[in-house]
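Residue numbers (our numbering), protein chains in the order written: chain R, -13 to 220; chain B, 166 to 453. First up is the structure itself, then whatever we jot down about it.
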């Protein structure tokens, strides 16, 4: 469903990605792992067309989306829950969720809102509250809920466990598994290697802007090269 | 004696309604989008000239011209943002400040060249019409401006709170990247919101005209007061713009009564400082 070939991207003169190949198939959870600064977030920003790739191409559900506008990517159903959540702090929980359906999922907005509140009852208790005052866990729920409002075909989660307690992280991974069980394809970008590999079918390890390792998640979990790549010793 | 105070109070409220109207557009542009819009006064002047021309050349009463002038000013604002302010600024506050200041200088001098520095007025049946309220005389155009500004404030508040475009405007101002990831295009929303703010000025211009004069410098009468009201009322708050406008109107009027015309305006600064001392976010500002 997602095919990335030879993707190069960066910021002005600073090239970050040097030719990434990556695939996500229908119904998969694919993990993208890597140390800080490996290029994971740059990859996500290029996939969501927030930055423009300098070379290579991206196809989503068979259609070329390289160089498309960020709105076209959302309309196609490639939805990202970004690192740091990037929810709207000056808006209420309800307004944040409603804006998730700004471009996509508008016809089913009421039904999707009910579903998100069913998954995250805590958000239902805080519908009128400004989100700037919520805890990190609640903000992460809201960011995922906002993404769900856009009826994603593929959901990119960028560091969703960042800043969450171990218990909340466990709940989060359980939730990711549940969403995937309902048929949602997920690209999980994480630093939490053990839990990500436990839940993913396949994984890519990115190092210095290239794919250093890839393959079956269970096999990678036992691969000594993984630790080396992670510590930058490879 | 009581009548003098009552008259000053009522007059202040009515003038405050007009101030509120001018501040409404600014609270959207400055309070929500954080664009320091130095062109606000100049664009009000453009709106007033448009209304004046329609009255003088086409015989259309400013109240009847209001929808046309408001729409025209919306279009002008949208174009200004797309062609000048958005392009020049590239998101940098300093550049936005210079761009809007540049627009103001160009507009002021363009109109000075076209129309000269004279002040102009329209004469209509309403200009000197008054309502007698016991011993008080209320100017009809000011009462109308007051009432319509309250209505417009309510409508704008509803638009911002209840529509997707309103939500998107608020969202984009704080978190543009998060908005992009939801498919919202920030540059479009900014142009739209700037246009709406300037459209408010078009409405204000039409409501002002029957009781006020027009000249290429008329904007400067309002622009500082409008910035004061927006900060006093709470950045981005529409009820704040109305209450702030009324408060400033009354303060000015009472200050004039007690301290005389030349020393009177000091009251505005005193009230401004006093409010910000006790509520740094303004009367209706959200706590941060």
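Backbone N, C-alpha and C define an ideal beta-carbon position, used for all residues, glycine too. Because the structure is a prediction, the values reported are computed rather than measured.
- Residue 214(B) is positioned such that its CB atom lies no closer than 8 Å to that of residue 408(B).
- In the displayed model, residue 195(B) falls within a helix according to three-state DSSP.
- Residue environment analysis places residue 232(B) among the exposed positions, since fewer than 16 neighbouring C-beta atoms fall within 10 angstroms of its C-beta.
- Within the stretch 360 to 430 of chain B, the complete alpha helix (DSSP H) runs of at least 4 residues fall at 384 to 398 and 403 to 424.
- For residue 211(B) and residue 385(B), the gap between their C-alpha atoms comes out near 12 Å.
- Considering only beta carbons, the part of the stretch 60 to 90 of chain R lying closer than 7 Å to chain B consists of 60, 61, 66, 68, 72, 73, 74, 75, 76, 77, 81, 84, 85, 86, 88, 89 and 90, in chain order.
- The Cβ-Cβ distance between residue 191(R) and residue 20(R) falls below 8 Å.
- Distance from the CA atom of residue 203(R) to the CA atom of residue 183(R), rounded to whole angstroms, is 5 Å.
- Counting along the chain, no alpha helix (DSSP H) covers residue 106(R), and no H or E run does either.
- For residue 395(B), same chain residues with a beta-carbon under 6 Å away, outside a window of 5 residues either side, are 188, 191, 192, 195 and 196 in chain order.
- For residue 339(B), the residues of chain R that pass the 7 Å Cβ criterion are 74, 75 and 76, in the order they occur in the chain.
- Residue state for residue 200(R) is assigned as strand, using DSSP reduced to three classes.
- Here the stretch 33 to 43 of chain R lies against the stretch -11 to -4 of chain R, with 3 or more beta-carbon pairs under 8 Å apart.
- For residue 36(R), at least one C-beta of chain B is nearer than 8 Å to its own C-beta.
- Pairing residue 172(R) with residue 146(R) gives a Cβ-Cβ distance that is not under 8 Å.
- Residue 60(R) is positioned such that its CB atom lies closer than 8 Å to that of residue 89(R).
- Straight through space, the alpha carbons of residue 359(B) and residue 133(R) are spaced by roughly 28 Å.
- Proximity of residue 136(R) to chain B, defined by a Cβ-Cβ separation below 8 Å, is satisfied.
- No residue range can be given for residue 203(B), since it is assigned to no alpha helix (DSSP H) and is classified by DSSP as neither H nor E.
- Taking residue 333(B) as reference, the option from 50(R), 73(R), 32(R) and 14(R) with the minimal CA-CA separation is 73(R).
- Per DSSP, reduced to three states, the secondary structure at residue 274(B) is helical.
- Around the beta carbon of residue 434(B), fewer than 16 other beta carbons sit within 10 angstroms, so the residue counts as exposed.
- Chain-order list of chain B residues neighbouring residue 9(R): empty, with the shortest C-beta distance near 22 Å, by a criterion of under 9 Å.
- Short of 7 Å from the beta carbon of residue 373(B), and not among the five residues preceding or following it, lie these beta carbons of its own chain, in chain order: 183, 213 and 310.
- Within chain R, the C-beta atoms nearer than 9 Å to that of residue 333(B) come from 85 and 88, in chain order.
- Cβ-Cβ distances below 6 Å link residue 362(B) to 190, 193 and 194 in the same chain, with the five nearest sequence neighbours on each side left out; the list follows chain order.
- Counted as a single uninterrupted DSSP element, the stretch harbouring residue 60(R) is not any beta strand (DSSP E) but the alpha helix (DSSP H) occupying residues 56 to 62.
- Boundaries of the beta strand (DSSP E) harbouring residue 303(B): 301 to 304, taken from the DSSP string.
- At a cut-off of 8 Å between C-beta atoms, residue 350(B) counts as an interface residue with respect to chain R.
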